[in-house]
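One structure below.
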Amino acid sequence: MLKNLISFKKIPLSNSLLKNKNENINCYDLKISFDEDTKLVSVVDNVSPEKLFPDDYVYDSSQSITMVNHFKDCAEYLQKRFTPYNTLEIGSNSGIFIRHFNPDTTIAVEPCSNFAEITNDMEYKTYDNFWGKDLSELIRQKHGKMDLIFSANTISHIQGLDECLTSVKKCLNEDGIFVVECPSFLEVLKGNAFDQFYHEHQSYFSMISFRNLLEKNGLKLFDIELVPVHGGTYRFFVCNQDSSIDVNYDNINKWEKEEKQFGVDSYDKLKDRMSIMKQNMVDIKNTLQKIKSENKTVIGYGASAKFIQVSNMCDLNASLIDYVIDTTPDKQNKYTPKSKIPIKKYDEKSLENVDYCFLGAWNFSSEIMEKENKFLRSGGKFITHIPKLRVIEL
Ligand code: JHZ
166 MLKNLISFKK IPLSNSLLKN KNENINCYDL KISFDEDTKL VSVVDNVSPE KLFPDDYVYD
226 SSQSITMVNH FKDCAEYLQK RFTPYNTLEI GSNSGIFIRH FNPDTTIAVE PCSNFAEITN
286 DMEYKTYDNF WGKDLSELIR QKHGKMDLIF SANTISHIQG LDECLTSVKK CLNEDGIFVV
346 ECPSFLEVLK GNAFDQFYHE HQSYFSMISF RNLLEKNGLK LFDIELVPVH GGTYRFFVCN
406 QDSSIDVNYD NINKWEKEEK QFGVDSYDKL KDRMSIMKQN MVDIKNTLQK IKSENKTVIG
466 YGASAKFIQV SNMCDLNASL IDYVIDTTPD KQNKYTPKSK IPIKKYDEKS LENVDYCFLG
526 AWNFSSEIME KENKFLRSGG KFITHIPKLR VIEL
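Plus 165 on top of the position in the sequence shown (first one is 1) and you've got my numbering.
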């Protein structure tokens, strides 16, 4: 049974940037629900995947050194641990992970054709379709079953999880491994990261809910790790239900205990966490209003999907955040949807004459603090709202 956890009215799609300020934009209600049966927290579907992931999708995972290093290390680790002959990646974006594999035995799925083109040019056969029954059957017929299927920040974007998971199962060799990375819902809660709620993020997996879904679809969780990207990411290791692979019960039981203690499987406890998140939203607007009343310059750092959510959930606009800087060429010279904050190109002089930077890319805080040490040393300040609002200064 689905129960409403938190709802937001008229929220634009987080990556639907405006080319000009007066462009019309579609907004949709954002309703997050809790399923008492599977314990899954998810968006109540109301936007089609084609609208969410168009052929000019702007998010490029290669814009951060942290992510480039993360996926290189991950690729090397998985090849060493599982020695796969052939590999499939679901949701390959700009090829940040797949580039560390042999193109002759590796294929990819990426529905955003602007990104599929990049990996096709890198000689990785890339299907620019949405993952599901039809595509998985085509892949199985053409390429056979896979030793390794990898998917980062994509399974949590897919509507229709049962079809998604049975399609994975059908493409997996008897002793094949399915590795999934996605933000840990436990860490989302610990960080009060309300900005992780957006239409692209269909599911918010706890280990408990993900394991329930796997079991429902003939798959088994055999190990789990927490990796320190995107505010805390779970790396799930999955195999066929009847595979002989050893299950790491120590790890799994440890996380189950921690999740239960925190209340990720309890509707009432989750409701309490939502109240803390709501307070976080109020604090952001109040603080920005106060700082702006002192005539300070405040800009956003990183026009992430999360920044755009913060701007709309907290009802911000360019009178509170003058503009936001970002390194992604496809985001620059556009506006955040609805909140209409200009997005400017990042360069070495971007922080000159700036008093405060609101950390839109808070998940890259260490990378950014290191890069912007000069700004901090000259008295510049960062504002972060994770896990609660605070100013960072030297
Ligand atoms: P970043 C995306 O979310 C969308 P976003 C998606 N739905 C998803 O699941 C997660 O990723 C994983 C910029 N930047 O990675 C680059 C700088 O300008 O937190 C990005 O635009 N300078 C697929 O969009 C943005 O910030 C920098 O130094 O919330 C960060 O976006 C750095 C480090 C980043 O993901």
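Cβ atoms here follow ideal geometry from the backbone N, Cα and C, with glycine treated the same way.
Treat the numbers as computed from the prediction; the structure is a model and nothing was measured.
Buried or exposed for residue i, please, with buried defined as at least 16 other CB atoms from any protein chain shown within 10 angstroms of its CB.
| i | result |
| --- | --- |
| residue 274 | buried |
| residue 220 | exposed |
| residue 166 | exposed |
| residue 426 | exposed |
| residue 213 | exposed |
| residue 304 | buried |
| residue 474 | buried |
| residue 376 | buried |
| residue 184 | exposed |
| residue 467 | buried |
| residue 424 | buried |
| residue 353 | buried |
So for residue i, helix, strand or coil by DSSP?
| i | result |
| --- | --- |
| residue 201 | coil |
| residue 171 | strand |
| residue 280 | helix |
| residue 432 | helix |
| residue 342 | strand |
| residue 546 | strand |
| residue 331 | helix |
| residue 359 | helix |
| residue 231 | helix |
| residue 470 | helix |
| residue 536 | helix |
| residue 494 | helix |
| residue 551 | coil |
| residue 257 | coil |
| residue 226 | helix |
| residue 486 | coil |
| residue 557 | strand |
| residue 238 | helix |
| residue 458 | helix |
| residue 347 | strand |
| residue 479 | coil |
In chain order, what residues of the same chain lie with their CB nearer than 7 angstroms to the CB of residue i, ignoring the 5 residues before and after it?
| i | result |
| --- | --- |
| residue 227 | 233, 259 and 261 |
| residue 442 | 357 and 359 |
| residue 560 | Residue 560 lies beyond the residue range present for the chain, which begins at 166 and ends at 559; the question has no answer from this structure. |
| residue 428 | 434 and 435 |
| residue 456 | 463 and 521 |
| residue 168 | 198, 199, 201 and 432 |
| residue 546 | 520, 521, 556, 557 and 558 |
For residue i, which residues in the same chain have their Cβ closer than 8 angstroms to its Cβ, ignoring the five residues on either side in sequence?
| i | result |
| --- | --- |
| residue 170 | 197, 198, 199, 206, 432, 435, 436 and 439 |
| residue 314 | 252, 253, 254, 255, 333, 336, 337, 341, 342, 343 and 344 |
| residue 484 | 457 |
| residue 535 | none |
| residue 542 | 559 |
Could you check which residue in the options has the C-alpha nearest to that of residue i?
| i | options | result |
| --- | --- | --- |
| residue 477 | 193, 187 and 184 | 193 |
| residue 195 | 241, 184 and 172 | 172 |
| residue 539 | 257, 514 and 180 | 514 |
| residue 526 | 464, 558 and 541 | 464 |
| residue 386 | 361, 369 and 415 | 415 |
| residue 531 | 396, 354, 287 and 379 | 396 |
| residue 413 | 404, 423, 389 and 406 | 389 |
| residue 497 | 523, 309, 469 and 480 | 469 |
| residue 495 | 486, 508, 503 and 551 | 508 |
| residue 369 | 324, 381, 308 and 410 | 324 |
| residue 430 | 265, 203, 472 and 378 | 203 |
| residue 181 | 550, 222, 319 and 311 | 222 |
How would you write the range of the beta strand (DSSP E) that residue i sits in, first residue to last?
| i | result |
| --- | --- |
| residue 317 | 311 to 317 |
| residue 264 | Segment: none, residue 264 is in no beta strand (DSSP E) and carries neither H nor E. |
| residue 491 | 489 to 491 |
| residue 290 | 290 to 292 |
| residue 384 | 384 to 392 |
| residue 207 | 206 to 208 |
| residue 402 | 398 to 405 |
| residue 273 | 271 to 274 |
Can you name, in chain order, every residue of its own chain whose Cβ lies under 6 angstroms from the Cβ of residue i, other than the five neighbours on each side?
| i | result |
| --- | --- |
| residue 291 | 273, 275, 281, 284 and 285 |
| residue 408 | 340 |
| residue 322 | 365 and 367 |
| residue 392 | 398 and 400 |
On the DSSP letters alone, give me the boundaries of the alpha helix (DSSP H) that residue i sits inside.
| i | result |
| --- | --- |
| residue 512 | Looking at the DSSP string, residue 512 is not in any alpha helix (DSSP H), and its letter there is neither H nor E. |
| residue 466 | Counting along the chain, residue 466 falls outside any alpha helix (DSSP H), though it belongs to the beta strand (DSSP E) covering 463 to 466. |
| residue 419 | 414 to 427 |
| residue 216 | 214 to 217 |
| residue 519 | From DSSP, residue 519 is part of no alpha helix (DSSP H); its letter is neither H nor E. |
| residue 529 | No alpha helix (DSSP H) contains residue 529, which DSSP labels as neither H nor E. |
| residue 375 | 372 to 381 |
| residue 117 | There is simply no residue 117 to check, as the chain begins at 166 and stops at 559 in what is shown. |
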